[in-house]
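In my numbering, the protein residues as written are 1118 to 1262.
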């Protein structure tokens, strides 16, 4: 046999002796990790876009308290949603006991501060109960004497 023929047959003999299989890639896990930026289960979807993560707490939207929508799909909107309790529901309001409470409204009376003569809630010129205030005074919004 010539050396050229041997050089051609030797790789063929090694290939036949070792088999003609290509190495297999390691199997992908069957579950998606929902916060690592990878497609763990090989379905072409990453993290929160993968159906396996739709109910994962890292992928469920939280409630925005100022948009009149049920963002987290619990049937409750904005301040009616318990997750909004104590949070801002706009520039001038806060969610309190399931309702929107305007900033500076209410109060328990007093003299110059919240509820006082120049304050919000019960004073003469304040918002919420004074004679010139909003919410309860004679010249205010919301009634009074």
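C-beta: ideal position from N, C-alpha, C; glycine also.
Sheet register partners of residue i (DSSP bridge)
| i | result |
| --- | --- |
| residue 1216 | 1213 |
| residue 1197 | DSSP, once it has assigned bridges, lists no residue as partnering residue 1197. |
7 angstroms Cβ shell around residue i - same chain, five flanking residues per side excluded
| i | result |
| --- | --- |
| residue 1216 | 1196 |
| residue 1192 | none |
| residue 1209 | 1219 and 1220 |
| residue 1194 | 1185, 1186 and 1187 |
Proximal residues to residue i (C-beta, below 8 angstroms), its chain only, five neighbours per side dropped
| i | result |
| --- | --- |
| residue 1189 | 1177, 1178, 1179, 1180, 1198 and 1200 |
| residue 1170 | 1149, 1151, 1164 and 1176 |
| residue 1162 | 1149, 1156 and 1168 |
Any C-beta of chain B under 9 angstroms from that of residue i
| i | result |
| --- | --- |
| residue 1194 | Here there is only one protein chain, and chain B is not present. |
Close Cβ partners of residue i (< 6 angstroms) along its chain, the five nearest in sequence each way excluded
| i | result |
| --- | --- |
| residue 1212 | 1182, 1196, 1201, 1202, 1204 and 1206 |
| residue 1153 | none |
| residue 1173 | 1151 |
| residue 1214 | none |
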